[in-house]
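Novice: This is the structure I have questions about; it appears just below.
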Amino acid sequence: MTLLTVINGVCDIVSLDRFDSVYGTNDPNAQTMVALAQEAGGEIARRADWRHLFKSLAVSGSPELLPSDYQRLAPGGAVRGADGGCVRLVTNDAQWAVVAAVGSQAPYCHLRGKEMLFSPAASASGATIDYLSRNWVLGDPYEERDVFRADDDTTIFPERLLAKGLIWRWKRQKGLPFEDNLAEFEADLLQEINADRGAS
C-alpha cells in the first residue's frame, strides 16, 4: 500500500470521492488527508521502538556528532564500548561536569544536543551508539525520511495503522463521533507493536 491507496481506502470509509493524486494537489480534502496522515504516521512512529527504526553508529571520537536521522537513544544500554561493555549514560549536566572534571577509569557518556561526549575521551574510540531513527517514511529505493513527499510513499509500520489513525483524526476534525475508531486504532497499535517485538 502507498500513501495514495491508504487515503483512498479511508475515503471509502468516510464517504469522500477517491483521489487520482493527493500529494501536491490543490484539493483541500486531499491536503487535509495528507496533513492528517503525516500527523498519524509521526505519532505511530514515536509510540513504539519499531525494529526497522533501530540504527547503530560507530563512534570515532569524543564528541561524536549524532546523525541527522537521530530521534532518541535505543532503550537499555544504548552505548557500548569497543570491548562490548556498557558505557554508563549520565543524563544530568551537573553530574557530567563532575565526571568530566574528575575523570574516571570507567567509561561514561553524556548526550548534549546532537553530540555524545565520552569520559575518558579515549573510551569513545570503537564505541557503538544504538539509536532510533526518525525516518518512518519509505520513498524511492533506499530513501528514508520523516515526511511524505509522494503519492507512492510507504511506511515502516503496517499501513492499516496509518489508515486507522487517519480515520479517527478525520472524524474528530469534522465533529463526528470518533471514540470507537480511536479505541480500534489503539487496540491495533498495541497488537502491531507486540508483533514487531516478536510477541503475540
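Residue 906 in our numbering is what sits at position 126 of the sequence shown, and the numbering runs on without skipping anything.
Note that beta-carbon positions come from the ideal geometry of N, C-alpha and C, so glycine has one too.
1. Starting from Lys835 and walking both ways along the beta strand (DSSP E), at which residues does that stretch end?
2. Assuming Trp737 and Asp926 form a contact by the criterion Cβ under 8 Å, report the distance between their Cβ atoms to the nearest whole angstrom.
3. State yes or no: is the C-beta of Met896 within less than 8 Å of the C-beta of Pro843?
4. Buried or exposed: which applies to Gly821, given that a residue is buried once 16 or more other Cβ atoms fall within 10 Å of its Cβ?
5. Does any residue of chain C bring its CB to less than 8 Å from the CB of Pro843?
6. Could you tell me which of Gly955, Gly945, Phe958, Lys954 sits nearest to Leu970, measuring between CA atoms?
7. Whose C-alpha, out of Trp830, Leu912, Gln818, is nearest the C-alpha of Asp976?
8. Please return the same chain residues whose Cβ sits closer than 7 Å to the Cβ of Leu962, not counting the five positions on each side in sequence.
9. Looking only at C-alpha atoms, which of Arg892, Gly864, Asp863, Pro887 sits nearest to Ala874?
10. With DSSP as the reference, label Glu895 as helix, strand or coil.
11. Is it buried or exposed, Ala877, if we count other Cβ atoms within 10 angstroms and call 16 or more buried?
12. Taking the alpha-carbon of Ser903 as reference, which of Phe799, Ala817, Ala815, Asp863 has the nearest alpha-carbon?
13. Restricting to Cα atoms, I'd like to know which of Thr935, Thr908, Gln953, Asn974 is closest to Leu833.
14. In the DSSP assignment, what are the bridge partners of Leu918?
15. For Gln851, name the three-state secondary structure that DSSP assigns.
16. Can you give the Cα-Cα distance for Leu837 and Lys954, rounded to whole angstroms?
17. So is Asn788 buried or exposed if we call it buried at 16+ other beta carbons inside 10 Å?
18. Helix, strand or coil for Thr812? Go by DSSP, reduced to three states.
19. Please work out which residues of its chain come closer than 7 Å, Cβ to Cβ, to Asn809, disregarding the five sequence neighbours upstream and downstream, and give them in chain order.
Specialist: Per the coordinate set shown:
1. Within the sequence shown, numbered from 1, the residue matching residue 835 stands at position 55. From DSSP, the beta strand (DSSP E) with Lys835 extends over 834 to 838.
2. The first residue shown for the chain is 781 and the last is 980, placing residue 737 beyond what the model contains.
3. As a working note, residue 896 is residue 116 in the sequence shown. As a working note, residue 843 is residue 63 in the sequence shown. It is a contact, given that the beta carbons lie within the stated cut-off.
4. Translated into the one-based positions of the sequence shown, residue 821 becomes position 41. Per the 10 Å Cβ criterion, buried.
5. Absent here is chain C; the protein component of the structure consists of one chain.
6. As a position in the sequence shown, residue 970 is number 190, starting the count at 1. Of the residues Gly955, Gly945, Phe958, Lys954, the one whose Cα lies closest to the Cα of Leu970 is Gly945.
7. Working through the sequence shown from its first residue, we reach residue 976 at position 196. Taking only the C-alpha atoms, the option nearest Asp976 is Trp830.
8. Here residue 962 refers to the residue found at position 182 when the sequence shown is read from its first residue. Closer than 7 Å at Cβ, skipping near neighbours: Trp948.
9. As a working note, residue 874 is residue 94 in the sequence shown. Nearest in C-alpha terms to Ala874, of all of Arg892, Gly864, Asp863, Pro887, is Arg892.
10. Working through the sequence shown from its first residue, we reach residue 895 at position 115. It is a strand residue.
11. Counting from one through the sequence shown, the residue named residue 877 turns up at place 97. By the neighbour-count rule (16 or more Cβ atoms within 10 Å), Ala877 is not buried but exposed.
12. For this step, residue 903 is matched to residue 123 along the sequence shown. With distances taken between Cα atoms, Ser903 lies closest to Asp863.
13. By one-based count along the sequence shown, residue 833 stands at place 53. For Leu833, the nearest C-alpha among the options comes from Thr935.
14. To locate residue 918, count along the sequence shown from 1; it is residue 138. For Leu918, which the question treats as bridged, DSSP gives the partners Glu924, Thr934.
15. Taking the first residue of the sequence shown as position 1, residue 851 is located at position 71. Of the three classes helix, strand and coil, the one that applies to Gln851 here is strand, per DSSP.
16. Numbered from 1 along the sequence shown, position 57 holds the residue referred to as residue 837. Numbered from 1 along the sequence shown, position 174 holds the residue referred to as residue 954. Distance between the alpha carbons of Leu837 and Lys954 is about 44 Å.
17. Residue 788 sits at position 8 when you count from the first residue of the sequence shown. Buried: at least 16 other Cβ atoms inside 10 Å.
18. Counting from one through the sequence shown, the residue named residue 812 turns up at place 32. DSSP places Thr812 in helix when its eight states are reduced to three.
19. Start at 1 with the first residue of the sequence shown, and residue 809 comes out as number 29. In its chain, beyond the 5 residues on either side, Leu796 have a beta carbon closer than 7 Å to the beta carbon of Asn809.
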